[in-house]
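Have a look at the structure below before the remarks.
Residue numbers (this note's numbering): 127 to 272.
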């Protein structure tokens with residue numbers, strides 16, 4: 127397995143998002159412009175290849191980094207590993223790399239959310255040392271489809 131930080135948007139990366147995002151979410155895969163904007167921000171996008179640096183992209187993860195009045199924050203987002211390769215440590219390796227990047231940035235901690243239906247992912251995060259954070263998460267839809 128080979129993990130790398132994404133620095134440019136390629137056709138291969140776009141194809142990987144188109145293949146992997148439906149395995150994670152009903153959200154559409156990002157466009158080239160979306161990914162260019164992400165890479166221009168302080169956020170970090172990483173990928174994993176199987177089995178080495180020349181293999182196909184089989185996993186993706188992002189670390190959203192943003193500043194607020196209370197400081198610099200980071201949130202793990204969109205961790206997805208191809209369903210045919212789950213349970214082999216790829217997700218843990220991706221998250222571990224994001225945590226190291228956050229440490230290198232001098233951050234105090236990293237947050238994430240995970241749908242309760244994603245039982246294996248929830249077990250993984252707990253096994254890695256993430257603690258449940260008692261807070262309410264709210265969503266406000268900005269169009270008129272309340």
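Glycine included, every Cβ here is placed at the ideal spot set by N, Cα and C.
From a predicted model like this one, the values you see are computed outputs, not experimental measurements.
Would the C-beta of residue i count as close to the ligand NAP, meaning under 8 Å from any of its heavy atoms?
| i | result |
| --- | --- |
| residue 270 | Within the structure as shown, the ligand NAP is missing, as the structure has no ligands at all. |
Figure out for me which residue from the options has the closest Cα to the Cα of residue i.
| i | options | result |
| --- | --- | --- |
| residue 189 | 205, 210, 163 | 205 |
| residue 239 | 141, 266, 251, 166 | 251 |
| residue 191 | 241, 213, 165 | 165 |
| residue 148 | 266, 208, 230, 226 | 208 |
| residue 199 | 178, 227, 222 | 227 |
| residue 244 | 127, 151, 143, 138 | 151 |
| residue 169 | 154, 193, 215, 259 | 193 |
| residue 261 | 142, 237, 248 | 237 |
| residue 213 | 230, 246, 174, 144 | 246 |
| residue 161 | 258, 230, 143 | 143 |
| residue 201 | 215, 181, 229, 155 | 229 |
| residue 181 | 138, 154, 196, 155 | 138 |
| residue 174 | 215, 196, 154, 197 | 215 |
I'd like the list of long-range same chain contacts for residue i, defined as Cβ closer than 8 Å, with 5 residues on each side in sequence excluded.
| i | result |
| --- | --- |
| residue 211 | 176, 184, 185 |
| residue 178 | 127, 128 |
Taking residue i and residue j to be in contact with their CB atoms under 8 Å, please state how far apart those CB atoms are, rounded to whole angstroms.
| i | j | result |
| --- | --- | --- |
| residue 254 | residue 218 | 6 Å |
| residue 135 | residue 187 | About 16 Å; that fails the 8 Å criterion. |
| residue 140 | residue 158 | 6 Å |
Per the DSSP calculation, residue i is bridged to which residue(s)?
| i | result |
| --- | --- |
| residue 135 | According to DSSP, which records beta bridges pairwise, residue 135 is partnered with nothing at all. |
| residue 192 | 199 |
| residue 173 | 130, 186 |
| residue 225 | DSSP output for residue 225 lists no bridge partner at all. |
| residue 207 | 185 |
For residue i, which residues from the same chain have a beta carbon less than 7 Å from its beta carbon, with the 5 sequence-adjacent residues on both sides left out?
| i | result |
| --- | --- |
| residue 267 | none |
| residue 263 | 239 |
| residue 172 | 129, 130, 131, 132, 187, 220, 223, 224 |
Which same chain residues end up closer than 6 Å to residue i when comparing Cβ atoms and leaving out the 5 residues on each side of it in sequence?
| i | result |
| --- | --- |
| residue 163 | none |
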